[in-house]
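Notes follow the structure.
2 protein chains.
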Amino acid sequence: MAQEYRIDPWGTAVRIEYEKLFKYFGISEFAPLLPRIREVFGEPLHLMRRGVIFGHRDYERILEAYKSRERIALVTGFMPSGKFHFGHKMVAEQIIYYQKLGFEVFVVIADAEAYAVRKLDRKKVIEYGLYEYVANLIALGLEKNKHTHIYFQTNYEKPYYRLIQMFSRRVTMAEMEAIYGNMEPGKVIAALTQAADILHPQLEYFGGFKHVLVPVGADQDPHMRLTRDIADRFKSELGFERPSSTYHRFQVGLDGNKMSSSRPDHTIFLTDPPEQAVRKLKRALTGGRATIEEQRRLGGVPEACTVYEFYVYHLIFSDKELLDIYRRCRGGELLCGECKSYATELLAKFLEEHQKKLEKARDRVLDYAEPPEF
Amino acid sequence: MAQEYRIDPWGTAVRIEYEKLFKYFGISEFAPLLPRIREVFGEPLHLMRRGVIFGHRDYERILEAYKSRERIALVTGFMPSGKFHFGHKMVAEQIIYYQKLGFEVFVVIADAEAYAVRKLDRKKVIEYGLYEYVANLIALGLEKNKHTHIYFQTNYEKPYYRLIQMFSRRVTMAEMEAIYGNMEPGKVIAALTQAADILHPQLEYFGGFKHVLVPVGADQDPHMRLTRDIADRFKSELGFERPSSTYHRFQVGLDGNKMSSSRPDHTIFLTDPPEQAVRKLKRALTGGRATIEEQRRLGGVPEACTVYEFYVYHLIFSDKELLDIYRRCRGGELLCGECKSYATELLAKFLEEHQKKLEKARDRVLDYAEPPEF
Chain V
3 MAQEYRIDPW GTAVRIEYEK LFKYFGISEF APLLPRIREV FGEPLHLMRR
53 GVIFGHRDYE RILEAYKSRE RIALVTGFMP SGKFHFGHKM VAEQIIYYQK
103 LGFEVFVVIA DAEAYAVRKL DRKKVIEYGL YEYVANLIAL GLEKNKHTHI
153 YFQTNYEKPY YRLIQMFSRR VTMAEMEAIY GNMEPGKVIA ALTQAADILH
203 PQLEYFGGFK HVLVPVGADQ DPHMRLTRDI ADRFKSELGF ERPSSTYHRF
253 QVGLDGNKMS SSRPDHTIFL TDPPEQAVRK LKRALTGGRA TIEEQRRLGG
303 VPEACTVYEF YVYHLIFSDK ELLDIYRRCR GGELLCGECK SYATELLAKF
353 LEEHQKKLEK ARDRVLDYAE PPEF
Chain S
3 MAQEYRIDPW GTAVRIEYEK LFKYFGISEF APLLPRIREV FGEPLHLMRR
53 GVIFGHRDYE RILEAYKSRE RIALVTGFMP SGKFHFGHKM VAEQIIYYQK
103 LGFEVFVVIA DAEAYAVRKL DRKKVIEYGL YEYVANLIAL GLEKNKHTHI
153 YFQTNYEKPY YRLIQMFSRR VTMAEMEAIY GNMEPGKVIA ALTQAADILH
203 PQLEYFGGFK HVLVPVGADQ DPHMRLTRDI ADRFKSELGF ERPSSTYHRF
253 QVGLDGNKMS SSRPDHTIFL TDPPEQAVRK LKRALTGGRA TIEEQRRLGG
303 VPEACTVYEF YVYHLIFSDK ELLDIYRRCR GGELLCGECK SYATELLAKF
353 LEEHQKKLEK ARDRVLDYAE PPEF
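Those protein sequences? They're chains V and S, same order as listed.
The first sequence begins at 3 in my numbering and counts up by one.
The second sequence begins at 3 in my numbering and counts up by one.
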């Protein structure tokens, strides 16, 4: 392994220079909030405890609001560009965690953006939206109540579209280009739509003011900055407050590169037959050494191991058990073969159970979301 | 008068190089259609007969469709940026002419564009939309039937917004810049919205396919070209056919420059108290000569006269009477004082009658259009 990893039991297989985000963009570290989260919310999500969620903006406001029993909306979205994989599951778990705490939930299926910017087939996009994204959210435990809103961007309420139109007044092309690079009409609309996705839950029409929390990937912060600026610019006219946000690391693909629907050999989907998922995980890049002898002597590098990352994100919920694996790996005691066997066992078990729920969930997608007619 | 005018009894006070439109952009002359219009529709509108409507694209298609009893939508819009003046009335008369022929009517109140691009106050824009534009349309004779659709851009149906999103996929920023110059986000949305305004009546959701006719000012042809291109690009996906269009000249203000809400001294509004309107018209630029003697000798120049233009567009509906005034003016027989007296008399009479209808019409605006809540 040429790269150097910081020793970190919650480590990730790719180093992203998160420090830059803290230093230059004013994102705050999430870890110091954990005691307060425990106090206000109870047990933090494993993704919080393990630093997968590593940064935030104005999260304190969410904690205060929760303590004062004010309304809070959890807003997030999915691009229905392919099958639902474990990277998506991580976001779903955050949604469900906050829903259990009593947050109102707004989930946008970004079908307009998938069609206009990603240039995907419209029918496919709608089908993925319903039968991959909505279905998996249900199977993972998203409840349907009067505060659960899952919507397609092309099939929502008038005041949402009105926001997109209105926002266009107070955003310049120069600002957009600074964030998104070269702009095309589809990207202009997608960016303003995203701001409407985040801010619309505060409108009277959508039930009146609520604080907004948006869990996003680290790369999405420019959107958050633009949306926070838009909130400021429409504060007097529409009464908006800035949204809060959290930032999570991305789980990598099984070869250490990007996890993506377009890289199916290195990405495990929640619909993969367990045998197939197991085969993929068996071939995954680990932090093992060249020889067994060397590994016994030097220990493995869990920070560089995509299997270990699966434990951190998805397969092991006890921190104690996870730390034990970490120590045994680093100590040269636990070798990759044994470790992979255990991981595949947990993975197969999860998938079997999940896919049973998913089958039932598919019959219920239309209770959760209304797809566009075209 | 330094400028030279073509002798033309239907002439306008400003020369616009309409020939360029014919030559370079493929707009066809409207006049040759008149016999066929008489045959298919009956008596042409005075604005057609007098060359105010001077050009078209694919109007033959509309005539054919009408003859075959196919459905046709007349689509047009108003920017609610101020009070309703005689320039707007000319468009209203076209709408009403086609409605009487049985066309379905779609009138957009461009409140999103007024707010986002023109940067007007939102409440004002909505108020103008209802109590100036919708009210005057009703007072001028627009009927409410199941095929009359007047809508605000920010308060319409989902599939309309879906079109805006979808169109953004197949339009480039370079194309838009070629048409509109420097693009800002508000202009991108306004341009795509305009295409949706024109094309949406063809959708199943809005009652299924109909041919579309759009009467516009000569300066609006670039929008038409973009929209026709968009129709082509979505033909297979959404079944669109290209819209047809007609092109009209603009009546000028009373000083010979632009007629505009922002130039109230030179623009007559349909809500002006008759005395005030009369005062404005009395001061209007005419085609008179420096002295009475000279005018008796050389004759007046009706082509340069804003009062004569009022006759052409609004005050005289008999071509015979109009031609008589034209000849008497050119012959030096009719002088400006007498002519203005007659014009102000007709104008005052029109305004008195119109304003009675307008008072009643204001109570009915909500039967015609639903304003946005914010």
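Using N, Cα and C, we set each Cβ at its ideal position, and we do this for glycine too.
Status (buried if at least 16 other CB within 10 Å, exposed otherwise) for residue i
i	result
Gly104 of chain S	exposed
Ala176 of chain V	exposed
Glu186 of chain S	buried
Ala198 of chain S	buried
Phe319 of chain S	exposed
Ile294 of chain S	exposed
Glu305 of chain S	buried
Arg291 of chain V	buried
Asp223 of chain S	buried
Thr336 of chain V	Residue identity differs from the one stated: residue 336 of chain V is Leu in this sequence, not Thr. That one is buried.
Tyr322 of chain S	As written in the sequence, residue 322 of chain S is Lys, which differs from the Tyr given in the question. Lys322 of chain S comes out exposed.
Ser238 of chain S	exposed
Three-way DSSP call (helix, strand, coil) for residue i in this model
i	result
Ser170 of chain V	helix
Gly219 of chain S	strand
Phe312 of chain S	helix
Phe242 of chain V	coil
Thr150 of chain S	strand
Arg63 of chain V	helix
Phe86 of chain V	coil
Ser247 of chain V	strand
Gly255 of chain S	coil
Gln31 of chain V	Per the sequence presented here, residue 31 of chain V reads as Glu, with Gln not at that position. Correct three-state label for Glu31 of chain V: strand.
Ile327 of chain S	helix
Lys237 of chain V	helix
Lys121 of chain S	coil
His58 of chain V	strand
Phe43 of chain V	coil
Phe271 of chain S	strand
Thr346 of chain V	helix
Tyr158 of chain S	coil
Asp365 of chain S	coil
Phe376 of chain S	coil
Glu335 of chain V	coil
For residue j and residue i, the rounded distance between their alpha carbons
i	j	result
Gln278 of chain V	Lys69 of chain V	45 Å
Thr248 of chain S	Lys22 of chain S	16 Å
Tyr26 of chain S	Glu134 of chain V	51 Å
Val109 of chain V	Glu372 of chain S	29 Å
Gly289 of chain S	Cys341 of chain S	11 Å
Gly219 of chain V	Arg299 of chain V	37 Å
Tyr20 of chain S	His90 of chain S	21 Å
Tyr7 of chain S	Arg265 of chain S	Note that Tyr7 of chain S has pLDDT 49, beneath the 50 cutoff, so the model's placement of it is unreliable and no number is given.
Pro275 of chain V	Ile191 of chain S	44 Å
Leu201 of chain V	Ile128 of chain S	23 Å
Leu122 of chain V	Ser83 of chain V	7 Å
Gly339 of chain V	His316 of chain V	19 Å
Leu47 of chain V	Val173 of chain S	44 Å
Glu145 of chain S	Gln155 of chain S	21 Å
Leu35 of chain S	His149 of chain S	27 Å
Of the listed residues the options, nearest to residue i (C-alpha basis)
i	options	result
Pro374 of chain V	V:Ala114, V:Val190 and V:Lys121	V:Ala114
Pro94 of chain S	S:Ser83, S:Val77 and S:Gly84	Note that residue 94 of chain S is Ala in the sequence shown, not Pro. Among S:Ser83, S:Val77 and S:Gly84, the Cα nearest to that of Ala94 of chain S is on S:Val77.
His151 of chain S	S:Ile98, S:Thr273, S:Lys125 and S:Arg171	S:Ile98
His268 of chain S	S:Tyr328, S:Thr308 and S:Asn147	S:Thr308
Arg71 of chain V	V:Leu240, V:Glu361, V:Pro266 and V:His213	V:His213
Leu132 of chain S	S:Leu122, S:Phe80 and S:His250	S:Phe80
Leu165 of chain V	V:Tyr370, V:Gly333 and V:Arg235	V:Arg235
Tyr61 of chain V	V:Arg330, V:Gly28, V:Lys125 and V:Arg52	V:Gly28
Leu215 of chain V	V:Glu179, V:Ile232 and V:Ile74	V:Ile74
Gly255 of chain S	S:Glu66, S:His87 and S:Arg59	S:His87
Glu354 of chain S	S:Phe271, S:Glu243, S:His149 and S:Asp365	S:Phe271
Gly301 of chain V	V:Arg330, V:Arg285, V:Leu142 and V:Phe312	V:Arg330
Leu348 of chain S	S:Met92, S:Tyr310, S:Arg251 and S:Phe169	S:Tyr310
Residue i - partner residues in DSSP beta bridges
i	result
Phe108 of chain V	V:Val77 and V:His151
Leu214 of chain S	Contrary to the premise, residue 214 of chain S reads as Val rather than Leu in this sequence. DSSP, once it has assigned bridges, lists S:Ala75 as partnering Val214 of chain S.
Phe319 of chain S	Partner(s): none; Phe319 of chain S has no beta bridge.
Lys260 of chain V	V:Val254
Closer than 9 Å at the beta carbon, the chain B residues around residue i
i	result
Lys121 of chain S	Annotation note: the requested chain B is absent from the structure, which comprises protein chains V and S.
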